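Here the structure is laid out as structure tokens; the discussion comes afterwards.
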Amino acid sequence: MAKYMLVSFKTCPWVQRSAILLREKNTAFEFRHIEPDNRPDWFLAISPHKKVPVLRIDDKDSLFESSAINEYLDEMVSPQLHPKDPIARAINRAWTDYVPTFASAVTGCAYAATEADYKKAIEQIPGAFERLEKALVTQGNGPLFNGDKYSLVDAAYAPFLQRYVFLDRVKKLGTMDKFPRLKAWTETLMKRASTHSFPEAEFEAMYRANLKKRNSWLSQFIDGARAAAE
Numbered sequence: 002m003a004k005y006m007l008v009s010f011k012t013c014p015w016v017q018r019s020a021i022l023l024r025e026k027n028t029a030f031e032f033r034h035i036e037p038d039n040r041p042d043w044f045l046a047i048s049p050h051k052k053v054p055v056l057r058i059d060d061k062d063s064l065f066e067s068s069a070i071n072e073y074l075d076e077m078v079s080p081q082l083h084p085k086d087p088i089a090r091a092i093n094r095a096w097t098d099y100v101p102t103f104a105s106a107v108t109g110c111a112y113a114a115t116e117a118d119y120k121k122a123i124e125q126i127p128g129a130f131e132r133l134e135k136a137l138v139t140q141g142n143g144p145l146f147n148g149d150k151y152s153l154v155d156a157a158y159a160p161f162l163q164r165y166v167f168l169d170r171v172k173k174l175g176t177m178d179k180f181p182r183l184k185a186w187t188e189t190l191m192k193r194a195s196t197h198s199f200p201e202a203e204f205e206a207m208y209r210a211n212l213k214k215r216n217s218w219l220s221q222f223i224d225g226a227r228a229a230a231e
């Protein structure tokens, strides 16, 4: 069995995708957290893009970019979570490729500097949700993307659906209620132990603290005393 070290910022959703996959495969790994504003020399030496995630294998090889890491892990570590059928596998890869666009649309409001920017950002959410709703209907009866079998698509979307849930608790968005299949999928993923790198309440507190630190328009709705405690 290979020795794996996954390097991360504590609240990075892209690293979370790979951590989820490792947990789904019951594979031991070291979770090494670094600070975004203080990236150590040893990390810079193994990360070509100077970004997380980096998966270090047997203290000698380094992989980067979460999709590439997850494809490698699925090839090397059983059970394989990609569909065996080539067409189904290609469809899964295509929906995984949509994640950056989806993430920007669904969580972009967290970065809005003004109320006008915030309102413009949340206008993007329904369109992204509608695409996933249609995909879920096409894929089958759930509760997961491919029915009852966990996949790389589930691991890819879980961190961003989780962040939508957190944002909805800061300031009610309510958009997901209009998309029942997407809501059910989100609830399934939120209940799954592999989704969470930390206890959920602890992680939500970290996320809120980061929002507060960012000083975006949304940060004013985070309780001051709670954010200070976090």
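Counted the way my numbering counts, the sequence shown spans residues 2 to 231. The C-beta atom is built at its ideal place from N, Cα and C for all residues, glycine as well. Just so we're clear, the structure is a prediction, and the values are computed from it rather than from any experiment.
- Here DSSP, grouped into helix, strand and coil, assigns residue 151 to coil.
- Proximity to residue 23 across 12, 4, 36 peaks at 4, based on C-alpha coordinates.
- Beta-bridge annotation (DSSP): residue 34 is paired with 9.
- Under the DSSP assignment, residue 63 falls in the beta strand (DSSP E) whose first and last residues are 62-65.
- For residue 56, the uninterrupted beta strand (DSSP E) run begins and ends at 55-58, by DSSP.
- Residues 18, 19, 22, 153, 156 of the same chain have their beta carbon placed closer than 7 Å to that of residue 71, with the five preceding and five following residues left out of the count.
- Shown here for residue 12: same chain residues with a beta carbon closer than 7 Å to its own, the five before and five after excluded, namely 207, 208, 211 in chain order.
- When secondary structure is reduced to three states using DSSP, residue 82 falls in the coil class, being assigned neither helix nor strand.
- The beta carbon of residue 87 is closer than 8 Å to none in its chain, skipping five residues each way along the sequence.
- Between the beta-carbon of residue 130 and that of residue 180 there is about 5 Å, and that keeps the pair under the 8 Å contact cut.
- The region 37-47 makes no contact with the region 89-105: fewer than 3 CB pairs, one atom from each, lie closer than 8 Å.
- The beta carbon of residue 57 lies closer than 6 Å to those of 6, 63 in the same chain, with the five residues before and after it left out.
- Burial check for residue 116: the Cβ neighbour count within 10 Å stays below 16, so the residue is exposed.
- Here residue 174 carries a coil assignment [DSSP, helix/strand/coil].
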